[in-house]
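Here the structure is laid out as structure tokens; the discussion comes afterwards.
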Amino acid sequence: METTPDRLTELPEGSIFVFGSNATGAHGGGAAKVAVDRFGAIWGQGEGLQGQSYGLPTMEGFEALRGAAERFVRFAAEHPELRFYLTKVGCGIAGHAESDVAPLFADTPDNVVKPPGW
Numbered sequence: 002m003e004t005t006p007d008r009l010t011e012l013p014e015g016s017i018f019v020f021g022s023n024a025t026g027a028h029g030g031g032a033a034k035v036a037v038d039r040f041g042a043i044w045g046q047g048e049g050l051q052g053q054s055y056g057l058p059t060m061e062g063f064e065a066l067r068g069a070a071e072r073f074v075r076f077a078a079e080h081p082e083l084r085f086y087l088t089k090v091g092c093g094i095a096g097h098a099e100s101d102v103a104p105l106f107a108d109t110p111d112n113v114v115k116p117p118g119w
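Position 34 (the sequence shown) corresponds to 35 in the working numbering; numbering is contiguous.
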């Protein structure tokens, strides 16, 4: 089974880098900065498809993350022509435990590639 690599620097056409963000879209560090630098994330947009990336707000509390995860899973299901590379959203600067976040993505469609162990 394919898993999301620890570091992504390029993706083929039709592939989307899924990263943790904040609601204001201040993509200043971590995967969010990679999303801006390499995958077309838009400064000021905290959630959704942005170029070859998809932002998931993770800094506004766990329930907000849960809602964003549900919206992402629906979006991925509605776009089977795209392949989404999910990073360990919410588990860095946002401080959520992988054991809490990974289950939010348990029922993703087949076009979502998850980190190892998720």
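Don't be surprised by glycine CBs; every beta carbon is placed ideally from N, CA and C.
query: Proximity test, Cβ basis, 8 Å: residue 31 and chain D; result: Annotation note: the requested chain D is absent from the structure, which comprises a single protein chain.
query: Cβ-Cβ separation, residue 4 to residue 114 (assumed contact under 8 Å), whole Å; result: 7 Å
query: Span of the beta strand (DSSP E) around residue 57; result: 54-58
query: Touch test, the segment 48-62 against the segment 82-96, Cβ-Cβ under 8 Å, three pairs minimum; result: yes
query: Span separating the alpha-carbon of residue 80 from that of residue 11; result: 20 Å
query: Close-in-space but distant-in-sequence residues of the same chain around residue 30 (CB under 8 Å, 5 per side omitted); result: 94
query: In DSSP terms, what residue 94 is bridged to; result: Paired residues: none, contrary to the question.
query: Spatial distance of residue 64 from residue 48 (CA atoms); result: 15 Å
query: Identity of the residue in 35, 52, 76 and 101 nearest residue 9 by Cα; result: 35
query: CB-CB length for residue 84 against residue 112, believed under 8 Å; result: 5 Å
query: DSSP-derived helix/strand/coil call for residue 21; result: strand
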